[in-house]
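Worksheet for the structure shown next.
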Amino acid sequence: MSDAIVIIGTGLAGYVFAKEFRKRDTTTSLILITKSDGYFYSKPLLSTALTHQKTPDELCIHDVETMRQQLNATIFIQANVFKIDANDKKIFFSNAEKKENSITYQKLILAHGADNVHISLQGDAVDDVVCVNQMEDYRTFREKLSNKKQIAILGAGLVGCEFANDLLNTNHAVSITAPDNYLLSALVPEAVGCALQHTFLKSGIMFNLGLYPKTVHRINKAYEITLSNDQKINADVVLSAAGIKPDLSLAKSAGIKTNIGVMTNAYCQTSDPDIYALGDCAEVDGLMKMYVAPILHNTRILAAFLVGEKMPMHNTITPIIIKTPLCPIALVSPPKNCLGEWKIIADDMHVQALFYDDHNQLRGFALSGNCVKEKMRLLKLIDVNRA
76 MSDAIVIIGT GLAGYVFAKE FRKRDTTTSL ILITKSDGYF YSKPLLSTAL THQKTPDELC
136 IHDVETMRQQ LNATIFIQAN VFKIDANDKK IFFSNAEKKE NSITYQKLIL AHGADNVHIS
196 LQGDAVDDVV CVNQMEDYRT FREKLSNKKQ IAILGAGLVG CEFANDLLNT NHAVSITAPD
256 NYLLSALVPE AVGCALQHTF LKSGIMFNLG LYPKTVHRIN KAYEITLSND QKINADVVLS
316 AAGIKPDLSL AKSAGIKTNI GVMTNAYCQT SDPDIYALGD CAEVDGLMKM YVAPILHNTR
376 ILAAFLVGEK MPMHNTITPI IIKTPLCPIA LVSPPKNCLG EWKIIADDMH VQALFYDDHN
436 QLRGFALSGN CVKEKMRLLK LIDVNRA
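This is how it looks when you write it as structure tokens:
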């Protein structure tokens, strides 16, 4: 049996875990397997790259050879893991030439992220719709964007809104279409989402909310999108931003428990004691936290756990920052199943929404505009209430 720790995925979770582990253990074999080219980059920077005039190549911090040397690790790129045999502690994968290989492991880390949610569309241009979830996607998006003006964004969540702001900053004409009644509806109360929407409207973004796209057809060198009310909109590029969801097929092949994500305890350990999960694919202690701060925290927890160290389990609350500088937004979501109500004070784009539980304790907030400067003060109050 191999003594290697095998990591599936070289995104933020996979690479940062490997770095944290190497700080504590310099000798155990590390093997990473990825579908990508293995570049290390910061995915949150993709949605601000136009504003900062960064090309895809400039967003890449290190190439795969540099990562191999830094981590003293074996890294297989352009490889597809298709099966886990948990009984024999073996994974099966194919390389770019479709040649199949297998590797045994001592411990296995699932850090393969999540896949794009694909909108159900008809029409002859469905394959031209772009989703951006990793660097390879972003390269395609930037190629399509060259010398184009009108951009249709399908989705009104975090990614759609951040890309809309970035595209506005580079003088693109942007429309947002989504079945939601207001922006960021899965994250913030309506007053905050509407503050962002009104700011975007003043900047020229067109909205088709409460509607979903039905078809996408090519019209000359552009596209025509038909909406659920039969309205038609035109665009030079169509960007789908309907969210992401974990691919659970590998976890299921290993026979480990899944729910929305791969289920783990607070130490990122799955129902199989030798398999762990991190990042966007992981449901840690009952929670999906697809944001940088909790992912970084969990990489440290797991790296320490695997070398026998004990780390305090208190997870510092970190606000989610929505990168929409036209209308800045910061939020801390209330705990899951927490009963209470939002109390809202609004002045144009400046909204303070505070969530109080049934004991009148502050448990969450959503802030926009100038109110964002209150986030650290409010964080301290939430920490006191949680203690």
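According to this note's numbering, the stretch in the sequence shown is residues 76 to 462, in order.
Heads up, the beta-carbon is just placed ideally off N, CA and C, and yes, glycines get one too.
Predicted model, so just to flag it, every value in this text is computed and none were measured.
- For residue 351, there is no enclosing alpha helix (DSSP H); the residue is found in the beta strand (DSSP E) stretching over 350-352.
- Here the alpha carbons of residue 106 and residue 323 stand approximately 21 Å from one another.
- Along the region 89-156, the beta strand (DSSP E) occurs as fully enclosed runs of 3 or more residues at 105-108, 135-137, 149-151, listed in sequence order.
- DSSP, read as helix, strand or coil, puts residue 454 in helix.
- For residue 222, the three-state secondary structure derived from DSSP is coil.
- Taking residue 399 as the centre and dropping the five residues before and after it, the same chain places the C-beta of 236, 237, 240, 271 closer than 7 Å to its C-beta, in chain order.
- DSSP places residue 427 in the uninterrupted beta strand (DSSP E) bounded by 425-432.
- Between the C-alpha atoms of residue 394 and residue 233 there is a straight-line separation of about 14 Å.
- Of the residues 367, 154, 124, the one whose Cα lies closest to the Cα of residue 113 is 154.
- If you draw a straight line from the Cα of residue 352 to the Cα of residue 420, it is about 40 Å long.
- Less than 7 Å divides the Cβ of residue 186 from the Cβ of residue 84.
- Segment contact: the region 155-164 against the region 325-343, three or more CB-CB distances shorter than 8 Å; contact assigned.
- Residue 189 places its beta carbon less than 7 Å from that of residue 320.
- Taking 4 residues as the shortest admissible run, the region 313-359 contains the following complete alpha helix (DSSP H) segments, listed from N- to C-terminal end: 324-328.
- Shown here, residue 210 sits in a helix according to DSSP, grouped into three states.
- Nearest neighbour of residue 339 by Cα position, chosen from 184, 138, 167, turns out to be 184.
- Beta-bridge partners of residue 297 (DSSP): 294.
- In the DSSP assignment, residue 205 forms a beta bridge with 314.
- Using a Cβ distance threshold of 7 Å, residue 210 and residue 250 do not count as a contacting pair.
- When the five nearest sequence neighbours on each side are left out, the beta carbons in the same chain lying within less than 6 Å of the beta carbon of residue 404 are those of 397, 443, in order along the chain.
- Using a Cβ distance threshold of 7 Å, residue 216 and residue 201 do not count as a contacting pair.
- DSSP places residue 379 in the helix class (H, G or I) of the three-state scheme.
- Per DSSP, residue 241 is not a residue of any beta strand (DSSP E); the alpha helix (DSSP H) it occupies stretches across 233-244.
- Between residue 228 and residue 124, the C-beta gap is not smaller than 7 Å, which leaves the two residues out of contact.
- Secondary structure of residue 447 (DSSP, three-state): helix.
- With contacts defined as CB atoms closer than 7 Å, residue 437 and residue 456 qualify as a contacting pair.
- Under DSSP, residue 288 shares a beta bridge with 302.
- If you draw a straight line from the Cα of residue 287 to the Cα of residue 301, it is about 9 Å long.
- Taking all protein chains shown into account, residue 427 has 16 or more neighbouring C-beta atoms within 10 Å of its C-beta and is therefore buried.
- Residue range 265-277 is occupied by the alpha helix (DSSP H) that includes residue 277.
- The beta carbon of residue 88 lies closer than 6 Å to those of 186, 353, 354, 370 in the same chain, with the five residues before and after it left out.
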